[in-house]
């Protein structure tokens, strides 16, 4: 791997959004009874992270100079 692998604003933003989705989904699973609406919101947030990364990459945020 290159020394700067993954150290871009696009990558960090996508990882942060995906982690937020996993946290929301995890909180939903810890509720009794399980909050299915909140779980699906977490899943959607996590899935949105990848297209967001692609959009940010196309906008030029995938270089270490930012």
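Residue numbers (this note's numbering): 1 to 66.
Ideal Cβ placement from N, Cα and C applies to all residues, glycine included.
In the structure shown, residue 8 falls within a coil segment according to DSSP collapsed to helix, strand and coil. Only buried fits residue 53, as 16 or more other CB atoms lie within 10 angstroms of its CB.
Judged by DSSP in its simplified three-state form, residue 33 adopts coil rather than helix or strand. If you draw a straight line from the Cα of residue 28 to the Cα of residue 61, it is about 32 Å long. For the pair residue 33 and residue 48, the Cα-to-Cα distance works out to about 26 Å.
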